[in-house]
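Numbering (our numbering), first residue to last: -17 to 304. Each residue gets a CB set at the ideal place from its N, CA and C atoms; glycine is no exception. Everything numeric in this text was worked out from a predicted model, so none of it was measured. Below is one structure, written out as structure tokens, with a few remarks after it.
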Ligand SMILES: [Zn+2]
């Protein structure tokens, strides 16, 4: 019997998180598994399915209790097809994730970009509740983002609106994983911090205590935060510079879309906490144009690690009309 449950699944680079929510969009249960990066997209779809069924088993529910499914993907989603735009990281070229998941689950499946799902969750159920226009940044391995204007998610031409991490903040600057140079993500994300830390050690001869924790160009947020707290010179320089770049970029985004609220979330913001917020706000205020800092709320995201999956349940409940 269909109990009107919504299943939301966050397909991340390191983990897949599934959340089950009731018809009032209240989360009931969650299940997590590690993402196995495999070259075969059908196997990624299989992992999504497994994690979805795991959360159902956790509360003795079945797929028959679920009305609709939302999946957050680390890719733009084409508003015309509702499917992932070619995502090299996921190996999804010429593969319809939407179609395959609908076949697996026997339900309608709606896809959205992960940063967009994050802002959707904070807007409906988190720190941005009560505002009409919100810009959110999620600082993790990369830098995700999302924009809600007058209550509606901005997707734009080809679904690429809200890719805030790929705002160019320095002409000809540091190479980003997207292939461009000078993107915000190349300065303010764990991937960017790690590159800067290595440069600070090799080029500037700064001392660093976290070298052994850097693996495959990445570092766990808690190790980064610990080194930051202990005033590690190479880490502090990299992180502070990145946060200031984010503050300046956010001020530029204000002059483009004029939000009432800025949300900062993701593993790095959670781990570093108040100091991240303080440095951000100082740079943000310094670069604002045409509006007083007191007229824009700056808040930390409140839904933590589950935000994106919760956003995917909202995406599902609203049948993709976000
Ligand atoms: Zn980029």
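Near ligand 1: residue i beta-carbon under 6 Å from a heavy atom
i           : result
residue 167 : yes
residue 158 : yes
residue 269 : no
residue 235 : no
residue 95  : no
residue 106 : no
residue 82  : no
residue 162 : yes
With 16 other Cβ atoms within 10 Å as the buried cut-off, status of residue i
i           : result
residue 95  : buried
residue 162 : exposed
residue 212 : exposed
residue 65  : buried
residue 231 : buried
residue 87  : buried
residue 20  : exposed
residue 199 : exposed
residue 295 : buried
residue 275 : exposed
residue 226 : buried
residue 271 : exposed
residue 273 : exposed
residue 305 : Nothing about residue 305 can be reported from this structure: the residues present for the chain run from -17 to 304 only.
For residue i, the nearest candidate out of the options (CA to CA)
i           : options               : result
residue 175 : 125, 2, 132 and 30    : 125
residue 132 : 105, 156, 192 and 154 : 105
residue 100 : 252, -8, 201 and 241  : -8
residue 150 : 138, 137 and 228      : 228
residue 80  : 51, 98, 103 and 102   : 51
residue 127 : 97, 102 and 141       : 97
residue 196 : 185, 180 and 186      : 180
residue 22  : 130, 77, 33 and 32    : 77
residue -3  : -12, 32, 10 and 129   : 32
residue 205 : 268, 237, 41 and 252  : 252
residue 55  : 142, 260 and 194      : 142
residue 238 : 129, 25, 119 and 82   : 129
residue 139 : 194, 61, 93 and 185   : 61
residue 247 : 262, 41 and 240       : 262
residue 0   : 8, 298, -6 and 13     : 13
residue 15  : 4, -5, 186 and 5      : -5
residue 241 : 160, 166, 41 and 281  : 281
residue 119 : 166, 157 and 134      : 166
7 Å CB neighbourhood of residue i in its chain, flanking five on each side removed
i           : result
residue 108 : 283, 284, 285 and 289
residue 235 : 117 and 146
residue 153 : 164
residue 188 : 182, 215, 216 and 219
residue 84  : 90 and 91
residue 137 : 61 and 143
Cutoff 8 Å; reference residue i; Cβ partners in own chain excluding five residues on either side
i           : result
residue 171 : 121, 122, 123, 124, 125, 147, 224 and 250
residue 35  : 45
residue 25  : 18
Own chain partners of residue i with C-beta closer than 6 Å, once the 5 adjacent residues on each side are dropped
i           : result
residue 312 : Absent from the structure is residue 312, since the part of the chain shown begins at -17 and ends at 304.
residue 243 : 110, 113, 116 and 279
residue 178 : 220
residue 155 : 163 and 164
residue 103 : 285, 289, 292 and 293
residue 203 : 249, 250 and 253
residue 2   : -13, -11, 10, 11 and 37
residue 233 : 266, 269 and 270
residue 47  : -15 and -13
residue 63  : none
Distance cut-off 6 Å: residue i Cβ against heavy atoms of ligand 2
i           : result
residue 228 : Among the ligands present in this structure, namely ligand 1, ligand 2 is not found.
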